[in-house]
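Quick note: to get this note's numbering, add 49 to the position in the sequence shown (first position is 1).
A short worksheet on the structure shown next.
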Amino acid sequence: MSGFSKGLDKVEVALRWDPSPVGSPAHDLDVIAAVYPASDPYGSPAYLVHFDSRSPDGTVYLSRDSTTGKGFGDDEVLTLEFARQPEAHARIVVGVVIQQRPDRLVFADVANPEVRIREGYRELASDDFSSVAQSTAATVAEFVRTPGGAWELRPAVRGFDLDPDAFTAAMGARAV
């Protein structure tokens, strides 16, 4: 790595929301990370990290997974360790998807959804999904490796009206 900027080291993407009203089906939101290779940063991801997986090298992992939004603090926390990312990776896109069962839900249907991106105690970005209220999924961040080798955050809240499987295929596409 050249230059003085060390870039990002270890970042957490924390998601929270309030439980659905009593007697209503639980709202299940999931954080997903798609890791893209340097050889094709807008193509197919090298791998996905979600509620039942982690990156093969252990640099991207989910430490909390809620299916209801109940509990104190963050409901889901995705950790990204950029200092340990292999040079073969150049881009990581993080998104949030609402599980669509039993009915179609959008962010406006979920009480107080919020995502916060932080490095240590420093908040890098946050969003309440109000700009994508009628979407079923959204990207919330794009992390890219600079030519000098450092990682930087590009906040990127972009809404999608897709089911979870279709969203994982589309979330890393170039914004038009």
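We put the CB at the ideal spot given by N, CA and C, even for glycine.
Given the structure is predicted, the values throughout are model-derived calculations rather than measurements.
Check: How many angstroms separate the CA atom of S51 from the CA atom of V155?
Finding: Taking the first residue of the sequence shown as position 1, residue 51 is located at position 2. Taking the first residue of the sequence shown as position 1, residue 155 is located at position 106. Confidence at S51 is low in this model, with a pLDDT of 39, below 50, so the placement of that residue should be treated as unreliable; the coordinate-derived value is given next. Each residue's Cα considered, the two are about 44 angstroms apart.
Notebook entry, point to check: For the alpha helix (DSSP H) that contains D214, what are its first and last residues?
Noted result: Here the question's residue 214 lines up with position 165 in the sequence shown. Residues P213 to A219.
Next item on the list: Go ahead and pull the three-state DSSP assignment for S179.
Entry: As a working mapping, residue 179 is identified with position 130 in the sequence shown. Looking at S179 - three-state DSSP - the assignment turns out to be helix.
Notebook entry, point to check: Can you give the Cα-Cα distance for P151 and R207, rounded to whole angstroms?
Noted result: As a position in the sequence shown, residue 151 is number 102, starting the count at 1. As a position in the sequence shown, residue 207 is number 158, starting the count at 1. Each residue's Cα considered, the two are about 24 angstroms apart.
Check: With contact counted as at least three CB pairs below 8 angstroms, one residue from each stretch, are the stretch 182 to 189 and the stretch 89 to 107 in contact?
Finding: no
Margin query: Can you tell me whether D158 is helix, strand or coil according to DSSP?
Written below: As a first step, residue 158 must be located in the sequence shown, where it is residue number 109. Three-state DSSP puts D158 in a helix.
Next item on the list: Count the other CB atoms, across all protein chains shown, that sit within 10 Å of the CB of E191; report buried if there are 16 or more and exposed otherwise.
Entry: By one-based count along the sequence shown, residue 191 stands at place 142. Buried.
Note to self: Extract the residue ranges of the alpha helix (DSSP H) inside the stretch 182 to 214, only unbroken runs of 4 or more that lie entirely within it.
What the structure shows: Within the stretch 182 to 214, complete alpha helix (DSSP H) segments of at least 4 residues are not found at all.
Check: In chain order, which continuous runs of the beta strand (DSSP E) of length 3 or greater are located wholly inside the stretch 76 to 153?
Finding: 78 to 86, 96 to 98, 109 to 113, 125 to 130 and 138 to 147
Notebook entry, point to check: Hey, quick one: how far does the beta strand (DSSP E) through R223 stretch, first residue to last?
Noted result: Taking the sequence shown and counting its residues from 1, one reaches residue 223 at position 174. First-last for R223: undefined, no H or E at that position.
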